[in-house]
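K.L.:
Would you mind keeping the following structure in view while I ask a few things?
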DNA sequence: TGACATTATTATCTCTCTAATACTAATTCG
DNA sequence: CGAATTAGTATTAGAGAGATAATAATGTCA
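Residue numbers (my numbering), protein chains in the order written: chain A, 867 to 1076; chain B, 867 to 1076.
Dropping the structure here:
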């Protein structure tokens, strides 16, 4: 089992890798992985591997896909991949490191494929699960939230439209705190408020096919 | 490995089951399943099981999830689930049968869970993959297409809006054939035309969260 | 201190998209 | 022929999205 953990840093997605001590450069850093132990569900296994590599529990963890079979000589083996998230600012445990996705070319092909598939799985779920909020601490500013969405989607978003639809869906609740960064007006802090009921009346989106 | 195959019939989704000959009623019909053979990828295995149960190849086949582990005494065993689609009117092979989802309560709990997860996986992909077209024959009327979408989504759709966005996305091409059912005006037949490029400019959908 | 840069937040307008309603078109049934 | 039935289109009012700009609150620096 492999676990692909993402976080957001410096305006880009990063993935967690662990050092192996292997002499070949391409295998020096790999995705956290491990085998299923007795008495453990596969969800348990993924959580254990993620905890070991991260030092703390991820804020999101989900199946991303599986590969396997096709070995002519030995018993077929399947590998399941989980993908997870850690909030902005989560440090990597000693022996692990956050690698920006732009530098994933230095990894083994197997790991790169796994990462690509995990990103695709996360992007596919971004509208249906609170992915972006799992990449943020408990309270956050709306600019931070928008930045995370822009990282995940890989495209800029319109600020006014972003906030309008955010408030229309009533998916964040304001706290009475403000945070001031280096410059500019302080931003109000918000908290994720899971929606009570969702409107379902909407047409079909054919433009996403293909 | 289990394979969950769906088709549309009589205005409802149906799932393919195979007879086992078991004396217990709850196990008399189960999902098609089998083991991974040597030299076979897991995609190959799923396709083989689907073919054996259906008599023909499904028009769609994809990973749906994985369960397993949690056995204290023996080696952990994992079960891989695939979900697939067959066009309207596809007959079941001898020894297999299409069961409407409303009657899935008669199945084993394990199979019911598998089916529920497969439906969720299909509904999650309906906007991103041409699921509905895989449930139809090569040519179809727009009313048939809309009926399939309504079955998949479980809610009625607005006819004019459905056709407007369909034509705006240029995702179907008209043939020069018409088909007349029992009553009413004949309907023009259409064919699925995979989209060339998709526009991506759109805001974020917060109303789907939860 | 005061002008200016920087960031946050809101307002207004326009354009597009959506859905409700109603309409026209073509066929079968009696 | 006329009613019923199914296919497809037109019109229109409302909601949503993006551009632009206005307002607000802070830090920076001369």
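C-beta atoms are modelled at their ideal positions from N, C-alpha and C, and glycine is treated no differently.
Check distances from the C-beta atoms of the segment 888-916 of chain A to those of chain B and list, in chain order, the residues that come in under 9 angstroms.
P.N.:
Against chain B - using a Cβ distance shorter than 9 angstroms - the residues of the segment 888-916 of chain A are 901, 902, 903, 904, 905, 906, 907, 908, 909, 910 and 911.
K.L.:
Is the CB-CB distance between residue 1056 (chain A) and residue 1040 (chain A) below 7 angstroms?
P.N.:
Taking the first residue of the first chain as position 1, residue 1056 (chain A) is located at position 190. Taking the first residue of the first chain as position 1, residue 1040 (chain A) is located at position 174. It is a contact, given that the beta carbons lie within the stated cut-off.
K.L.:
Kindly indicate which residue of B:939, B:879 and B:871 has the alpha-carbon position closest to the one of residue 920 (chain B).
P.N.:
For the purposes of this step, residue 920 (chain B) is taken as residue 54 along the second chain, with counting starting at 1. It is B:871.
K.L.:
Figure out for me which residue from B:1037, B:881 and B:1059 has the closest Cα to the Cα of residue 951 (chain B).
P.N.:
Residue mapping note: residue 951 (chain B) aligns to position 85 of the second chain, counting from 1. Cα-wise, what sits closest to residue 951 (chain B) is B:881.
K.L.:
Just the chain B side, please: which residues come within less than 9 angstroms of residue 1037 (chain A) by C-beta, in chain order?
P.N.:
Along the first chain, read from residue 1 onward, the residue named residue 1037 (chain A) stands at position 171. The answer, in chain order, is 1072, 1073, 1075 and 1076.
K.L.:
Ignore the nearest five residues each way along the sequence and tell me which others in residue 959 (chain B)'s own chain have a CB closer than 7 angstroms to its CB.
P.N.:
Residue mapping note: residue 959 (chain B) aligns to position 93 of the second chain, counting from 1. So the list reads 919, 920 and 921, once near-sequence residues are dropped.
K.L.:
Measure the Cβ-Cβ separation of residue 912 (chain A) and residue 907 (chain B) and say whether it is below 7 angstroms.
P.N.:
Working through the first chain from its first residue, we reach residue 912 (chain A) at position 46. Working through the second chain from its first residue, we reach residue 907 (chain B) at position 41. Not closer than 7 angstroms, so no.
K.L.:
Am I right that residue 901 (chain B) and residue 894 (chain B) are in contact with their C-beta atoms under 8 angstroms? What's the rounded C-beta distance?
P.N.:
Working through the second chain from its first residue, we reach residue 901 (chain B) at position 35. Working through the second chain from its first residue, we reach residue 894 (chain B) at position 28. With a Cβ gap of about 22 angstroms, residue 901 (chain B) and residue 894 (chain B) do not count as contacting.
K.L.:
At a Cβ threshold of 7 angstroms, is residue 926 (chain B) touching chain A?
P.N.:
Taking the first residue of the second chain as position 1, residue 926 (chain B) is located at position 60. It does not: the Cβ of residue 926 (chain B) has no partner Cβ on chain A nearer than 7 angstroms.
K.L.:
When the distance is taken between beta carbons, is residue 899 (chain B) closer than 7 angstroms to residue 930 (chain B)?
P.N.:
Counting from 1 along the second chain, the entry for residue 930 (chain B) is found at position 64. Counting from 1 along the second chain, the entry for residue 899 (chain B) is found at position 33. Not in contact: residue 930 (chain B) and residue 899 (chain B) (Cβ atoms no closer than 7 angstroms).
K.L.:
Could you work out which residues of chain A lie near residue 874 (chain B), taking near to mean beta carbons separated by less than 7 angstroms?
P.N.:
Residue 874 (chain B) sits at position 8 when you count from the first residue of the second chain. Under the 7 angstroms cutoff, chain A gives no residues; its nearest Cβ is about 16 angstroms from residue 874 (chain B).
K.L.:
Residues of chain A with CB under 9 angstroms from residue 880 (chain B), in chain order?
P.N.:
The residue you call residue 880 (chain B) lines up with position 14 of the second chain. None at all; the shortest Cβ gap to chain A is about 22 angstroms.
K.L.:
Candidates B:896, B:897 and B:924: which alpha carbon is nearest residue 909 (chain B)'s?
P.N.:
Along the second chain, read from residue 1 onward, the residue named residue 909 (chain B) stands at position 43. Comparing Cα-Cα distances from residue 909 (chain B) to each of B:896, B:897 and B:924, the minimum goes to B:924.
K.L.:
Within a Cβ cutoff of 6 angstroms, which residues of the same chain sit near residue 933 (chain A), ignoring the five residues on either side of it in sequence?
P.N.:
To locate residue 933 (chain A), count along the first chain from 1; it is residue 67. Contacts found: 945.
K.L.:
Just the chain B side, please: which residues come within less than 9 angstroms of residue 1061 (chain A) by C-beta, in chain order?
P.N.:
By one-based count along the first chain, residue 1061 (chain A) stands at place 195. Residues of chain B passing the Cβ test: 1072, 1073, 1075 and 1076.
K.L.:
Assuming residue 1014 (chain A) and residue 1023 (chain A) are in contact, meaning their beta carbons sit under 8 angstroms apart, how far apart are those beta carbons, in whole angstroms?
P.N.:
If you number the first chain from 1, residue 1014 (chain A) lands on position 148. If you number the first chain from 1, residue 1023 (chain A) lands on position 157. No, residue 1014 (chain A) and residue 1023 (chain A) are not in contact; Cβ-Cβ is about 10 angstroms, not under 8 angstroms.
K.L.:
When Cβ atoms are compared, which residues of the segment 1013-1047 of chain B fall closer than 8 angstroms to chain A?
P.N.:
Residues 1015, 1019, 1021, 1023, 1024, 1027, 1028, 1031, 1032, 1034, 1035 and 1037.
K.L.:
Exposed or buried, residue 1062 (chain B), counting other C-beta atoms within 10 Å across all chains shown (16 or more means buried)?
P.N.:
The residue given as residue 1062 (chain B) occupies position 196 in the second chain. Per the 10 Å Cβ criterion, exposed.
K.L.:
Indicate whether residue 980 (chain A) and residue 940 (chain A) have their beta-carbon atoms separated by less than 7 angstroms.
P.N.:
For the purposes of this step, residue 980 (chain A) is taken as residue 114 along the first chain, with counting starting at 1. For the purposes of this step, residue 940 (chain A) is taken as residue 74 along the first chain, with counting starting at 1. Cβ atoms of residue 980 (chain A) and residue 940 (chain A): not closer than 7 angstroms.
K.L.:
Does any residue of chain A have a CB that is nearer than 7 angstroms to the CB of residue 935 (chain B)?
P.N.:
As a working note, residue 935 (chain B) is residue 69 in the second chain. Taking Cβ atoms only, chain A reaches closer than 7 angstroms to residue 935 (chain B), which makes this a yes.
K.L.:
Taking the beta strand (DSSP E) that residue 968 (chain A) falls in, what are its first and last residues?
P.N.:
In the first chain, residue 968 (chain A) corresponds to position 102, counting from 1. From DSSP, residue 968 (chain A) is part of no beta strand (DSSP E); its letter is neither H nor E.
K.L.:
Using the beta-carbon count (16 or more within 10 Å), is residue 888 (chain A) buried or exposed?
P.N.:
For the purposes of this step, residue 888 (chain A) is taken as residue 22 along the first chain, with counting starting at 1. Exposed: under 16 other Cβ atoms inside 10 Å.
K.L.:
In or out: residue 984 (chain A) buried (at least 16 other Cβ within 10 Å) or exposed?
P.N.:
Here residue 984 (chain A) refers to the residue found at position 118 when the first chain is read from its first residue. By the neighbour-count rule (16 or more Cβ atoms within 10 Å), residue 984 (chain A) is buried.
K.L.:
Between the alpha carbons of residue 1048 (chain B) and residue 876 (chain B), how many angstroms are there, rounded?
P.N.:
As a working mapping, residue 1048 (chain B) is identified with position 182 in the second chain. As a working mapping, residue 876 (chain B) is identified with position 10 in the second chain. Computed Cα separation, rounded: 16 angstroms.
K.L.:
Can you give the Cα-Cα distance for residue 1017 (chain A) and residue 969 (chain B), rounded to whole angstroms?
P.N.:
Here the question's residue 1017 (chain A) lines up with position 151 in the first chain. Here the question's residue 969 (chain B) lines up with position 103 in the second chain. Cα-Cα distance, rounded: 45 angstroms.
K.L.:
By the 10 Å Cβ neighbour count, where 16 or more other Cβ atoms means buried, how is residue 943 (chain B) classified, buried or exposed?
P.N.:
One-based indexing of the second chain puts residue 943 (chain B) at position 77. It counts as exposed.
K.L.:
In chain order, what residues of the same chain have a beta carbon less than 6 angstroms from the beta carbon of residue 892 (chain B), not counting five sequence neighbours either side?
P.N.:
Locating residue 892 (chain B) in the second chain gives position 26, where the first residue counts as 1. Contacts found: 974.
K.L.:
For residue 955 (chain A), which residues from the same chain have a beta carbon less than 6 angstroms from its beta carbon, with the 5 sequence-adjacent residues on both sides left out?
P.N.:
In the first chain, counting from the first residue as 1, residue 955 (chain A) sits at position 89. Cβ within range, chain order: n/a, list empty.
K.L.:
Please determine, among B:991, B:1045, B:982 and B:914, the residue with the shortest C-alpha to C-alpha distance to residue 1008 (chain B).
P.N.:
Stepping through the second chain from its first residue, residue 1008 (chain B) is reached at position 142. Checked all of B:991, B:1045, B:982 and B:914; the closest Cα to residue 1008 (chain B) is B:1045.
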